[in-house]
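Reading through the structure tokens given below for one structure.
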Amino acid sequence: MLHRHPHLETLGPVTPEEARLLEKLDFSRLPRHIAVIMDGNGRWAQKRHLPRVAGHRAGTNSARTTIETCARLRIEALTLYAFSVENWRRPKAEIEFLMQLLREYIRKEMPLLQRNNIRMRFLGRSDDLPEAVQRDTREATEALAKNTGMVLSIALNYGGRAEIVDAMNAILRERNGHLVAQGESASPAALSSCSGRPLDRPVCEAAPAPRPFSPITEEDLARHLYTADLPDPDLLIRTSGEMRVSNFLLWQIAYAEIFVTETLWPDFNRARLLEALLDFQKRERRYGAIHAAPPTRVAR
Ligand code: FPP
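Sequential numbering of the sequence shown, starting at 349, is according to our numbering.
Next comes the structure, spelled out in structure tokens:
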């Protein structure tokens, strides 16, 4: 009955290997959100005696296949780790190549993203990116904003700890802004440190008036993350065999199933993606309970 499934028709021609994997896939139990650590580009190039950047270029083909397949399988959200806050430590030439490659990729893939009704966003500290990258990413987000299908997030200058710190600072800013708006006293020192930039003039010279302690909740924090309106990832895929989460979506992967494959990212094709989905479907997700339970308020 393979050819009758509505999702399958949109996948287009499949290889015999893909067809065998698709036969086993339960389309009603696909992850809502898949996150991917695309690792192994350098090793892929090294094995072929090519410069590392050739691995990154080859990696864009895997990104395209993964994006298109997930969109056609009606996955709600796909998040790809393209550049971490730690990646600035790489040689300048490699960083410049990656930024240029990303700009090229956005431009080249726009028709595919539109055709597949994909929305796009970028997660990370965008202010520290080169101006041209900031402009291109902004324009791509705007150009795809009216689409209604999968949300593709590209983590760019992203760090999981940085994201949590940014969320905490956003909460502090909101709360202190609220105090100032109400004319209550707030310490200038606290205000300047929470906003990250000094204020022009002190808001209030007096010592802070005692006020009820209002603790930050998990929901408050989740609402201020870069991924605020997305479900948490159900499946985290990491290529090239390393058993690490590398500062990726630290808060959001609390209950994610982790799939690590030895396959290097440039070799990660549609069959390898289907294998990851099948492996996901074998897991019993318990969210801390004894039996598999549907997600609750805490575990989405
Ligand atoms: C990790 O491989 C990969 C990266 C740091 C960059 C990922 C970028 C791409 C796949 C290209 C463009 C991105 C998109 C979203 C289209 P590595 O260099 O750490 O490999 P190694 O561990 O083998 O050295």
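Glycine included, every Cβ here is placed at the ideal spot set by N, Cα and C.
- The three-state secondary structure of Met458, taken from DSSP, is helix.
- For the options Gly589, Leu421, Met498, the alpha carbon positioned closest to that of Leu461 is the one of Met498.
- Distances from the CB of Thr408 to the heavy atoms of the ligand FPP include at least one below 7 Å.
- Excluding sequence positions up to five before and after Thr358, its CB lies within less than 6 Å of the CB of Arg420, all in the same chain and listed in chain order.
- Taking every protein chain shown into account, the CB of Glu522 has fewer than 16 other CB atoms within 10 angstroms, so this residue is exposed.
- Taken in chain order, no unbroken stretch of alpha helix (DSSP H) lies wholly in the region 573-619 with a span of 4 residues or more.
- Taking the CA atoms as reference points, His639 sits about 47 Å from Asp484.
- Look at Phe561 here: in three-state DSSP terms it is coil, with no helix or strand label.
- Boundaries of the beta strand (DSSP E) harbouring Ser501: 499-506, taken from the DSSP string.
- Burial check for Phe561: the Cβ neighbour count within 10 Å stays below 16, so the residue is exposed.
- In the DSSP assignment, Ile423 falls outside any alpha helix (DSSP H), carrying neither H nor E.
- Judged by DSSP secondary structure, Leu477 falls outside any alpha helix (DSSP H); it is assigned neither H nor E.
- As computed with DSSP, Leu373 is found in no beta bridge at all.
- In the DSSP assignment, Ala570 falls within the unbroken alpha helix (DSSP H) covering 566-571.
- Distance from the CA of Leu450 to the CA of Arg631, rounded to the nearest whole angstrom, comes to 34 Å.
- Distances from the alpha-carbon of Tyr506 to those of Ile466, Asp568, Glu434 put Glu434 closest.
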